[in-house]
Each structure stands twice: as structure tokens, then as C-alpha cells.
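Its first residue numbered 4, the sequence shown is counted upward by one per residue in my numbering.
We put the CB at the ideal spot given by N, CA and C, even for glycine.
Working notes, structure below.
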Amino acid sequence: MERPLDDQVWKRFSALQERRPGGFAIAALMRLPAAGEDEARWLERARQARARGPFGLHTHWTAPDHARPTGGADPAELVREQGGWLDSVGLEATLFCGGGWYFDERVAEAVADLGYADCTATAFRPAYLAPEAPHLQLAEPAWLELAGERRLLELPTTHSIGMLARGLFARSSAQRIVHAYFHDTDLLDRRRSAALRLGLGVLGRRRTASDLDELQHGLRPEKTMSFANQRA
């Protein structure tokens, strides 16, 4: 969630969480309030979202409207700081997704130390990323081996709204886990919102519905791999 304080965005996201299309609990991975934003209202809405489904941290490193780091602050340190803030206000997060799909090994270590599972890896490479841009590409869930004998559960994002909609006319995906993402602002677009609801509805009829918290506690990935060897 990138605009949880926008009343129209919040209204539509809340309705989607309540509706649970396809039987899926909609996760809320939320950008924290920036300086000058209404922290009390953010906390109220975050607690409501947490009560309805899995909850996690979505870090924007540069600004509310600029997700990826642009230099200066240490990306991993900001993740630790934001995770600590969530703990301090009594919000239990279980998931992380880096803004702009940014992910590096030190960020992975911070996420592991916070006790989260990660959702930043994708089964596809976003077209807008430069060839050298830090990003992790995985098709299936895996354990990522990190320094100090730590490991991180990676639950990669496999489908965008468009990919989910195109799948309506294809055979069921061969992927063991289908994990679709969307931005809360997509819900302001009628066509994208309808495609998301329809896609989840069809997916729910083809697959057994689960959610990211259930996967985090019940999934035992077959693959364990070094983070460094999986950079894409």
C-alpha cells in the first residue's frame, strides 16, 4: 500500500479485503507514514488492515512517490529502523516487500533479523529496471542462505494484474504457488480493479486458497540457495 491515507484508495482497498475475492485474504504491505503525514490515522488504518489479513512493511527509500534508493541513507538500516518502529507501536508485521523491487543482501539480512518473510523477488524482471539494478528473480519459494548461518524465506511475486487476467484464458499455471501483487492505487482504475477481482475469483476456483501468513508458517521450500547466486 502506497497511499493508505488517501480516503478513496483506502475505501476501495478496505472493501477488497472485506470481500476476499476467490477466498483469498488480501495482504497489506504498507508504506510507513512520511514526515508531515497523519501518523494517528495511519496507525488506525494499519490496525484495521492487520485484522483483516496478513500485514507487512513496504519500504520506500527515497520518498512516498519514489521507491528505490537514490544514494545517501543505508537501505538496510532504514528497513531495520522501520521494522523497529512497527514493533514500538504494537503492529506485528510478518512480511516485507522492497519498494521498486529493490533488494540486496544487506536488506535481506535486515529482513531476516526482523523475523519477516520476503516478497520482493519476482518470477519476472520488471521492464523498467535497468540491467544493473539490484533485484532478485525467483520462480518458486526458496530459503535464501545469508551470512552468519542465517536464512530468509522468500515468497516471490509471480503475477501482476495483467498476467493474472491473461491467465484466465490459459491453462492453469504450472507454478506451485501463484502470488499476485497490485498497488492500492490500481483500485482507482475500474478496468484494473475488475481484472483483479475476476482474476482472483477464477484463481480461487482453480487452486486452493491460502495466504502469505499460512505459507510462511506451513511451507517448506525444497530449494535452499545462496543469495549471491540468485541475483538477476
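Item checked: Sequence-distant residues of the same chain with beta carbon closer than 8 Å to residue 50, five excluded per side -> Counting from 1 along the sequence shown, the entry for residue 50 is found at position 47. Excluding positions up to five away in sequence, the list reads 94.
Next item on the list: On the DSSP bridge assignment, give the partners of residue 122 in chain order.
Entry: In the sequence shown, counting from the first residue as 1, residue 122 sits at position 119. Per DSSP, none; premise fails for residue 122.
Item checked: chain D within 7 Å of residue 224, Cβ atoms only -> Of the chains in the structure shown, none is chain D; there is only one protein chain.
Check: For residue 17, which of helix, strand or coil comes out of DSSP?
Finding: Taking the first residue of the sequence shown as position 1, residue 17 is located at position 14. Helix.
Item checked: Residue environment, residue 121, which counts as buried when at least 16 other CB atoms sit within 10 Å -> For the purposes of this step, residue 121 is taken as residue 118 along the sequence shown, with counting starting at 1. So residue 121 counts as buried.
Check: Are residue 222 and residue 144 closer than 7 Å when you measure CB to CB?
Finding: The count along the sequence shown starts at 1 and reaches residue 222 at position 219. The count along the sequence shown starts at 1 and reaches residue 144 at position 141. Going by C-beta atoms, residue 222 is nearer than 7 Å to residue 144.
Item checked: Beta bridge counterpart(s) of residue 157 as assigned by DSSP -> Here residue 157 refers to the residue found at position 154 of the sequence shown. 121, 145, per the DSSP bridge assignment.
Check: So, are the CB atoms of residue 117 and residue 86 less than 7 Å apart?
Finding: For the purposes of this step, residue 117 is taken as residue 114 along the sequence shown, with counting starting at 1. For the purposes of this step, residue 86 is taken as residue 83 along the sequence shown, with counting starting at 1. It is a contact, given that the beta carbons lie within the stated cut-off.
Next item on the list: Find out if the Cβ-Cβ distance for the pair residue 34, residue 61 is shorter than 7 Å.
Entry: Along the sequence shown, one-based indexing puts residue 34 at 31. Along the sequence shown, one-based indexing puts residue 61 at 58. Cβ atoms of residue 34 and residue 61: closer than 7 Å.
Margin query: Between which residues of its own chain and residue 235 is the CB-CB distance below 7 Å, once the five residues before and five after are set aside?
Written below: Translated into positions along the sequence shown, residue 235 becomes position 232. Residue placement at residue 235 is flagged as unreliable, the pLDDT there being 49, under the threshold of 50; the coordinate-derived value follows with that caveat. Here the set comprises 128, 138, 139, 140.
Check: Can the beta-carbon of residue 160 be found closer than 7 Å to that of residue 131?
Finding: The residue labelled residue 160 in the question sits at position 157 within the sequence shown. The residue labelled residue 131 in the question sits at position 128 within the sequence shown. Against a cut-off of 7 Å, the Cβ pair of residue 131 and residue 160 comes out as no contact.
Note to self: Whole angstroms are fine: how far does the CA of residue 230 sit from the CA of residue 213?
What the structure shows: By one-based count along the sequence shown, residue 213 stands at place 210. By one-based count along the sequence shown, residue 230 stands at place 227. Taking the straight line from one Cα to the other gives about 26 Å.
Item checked: With 16 other Cβ atoms within 10 Å as the buried cut-off, status of residue 157 -> Here residue 157 is taken as the residue at index 154 of the sequence shown, counted from 1. So residue 157 ends up on the buried side.
Margin query: Do residue 70 and residue 63 have their beta-carbon atoms positioned less than 7 Å apart in this structure?
Written below: Against the sequence shown, residue 63 aligns to sequence position 60. Against the sequence shown, residue 70 aligns to sequence position 67. Yes, these two residues count as a Cβ contact at 7 Å.
Checklist line | Status (buried if at least 16 other CB within 10 Å, exposed otherwise) for residue 217 | finding: Here residue 217 is taken as the residue at index 214 of the sequence shown, counted from 1. So residue 217 counts as exposed.
Check: To which residues does DSSP link residue 140 through a beta bridge?
Finding: The residue labelled residue 140 in the question sits at position 137 within the sequence shown. Beta-bridge pairing links residue 140 to 125.
Notebook entry, point to check: To the nearest angstrom, how far is it from the Cα of residue 190 to the Cα of residue 199?
Noted result: Residue 190 sits at position 187 when you count from the first residue of the sequence shown. Residue 199 sits at position 196 when you count from the first residue of the sequence shown. For residue 190 and residue 199, the distance between alpha carbons rounds to 9 Å.
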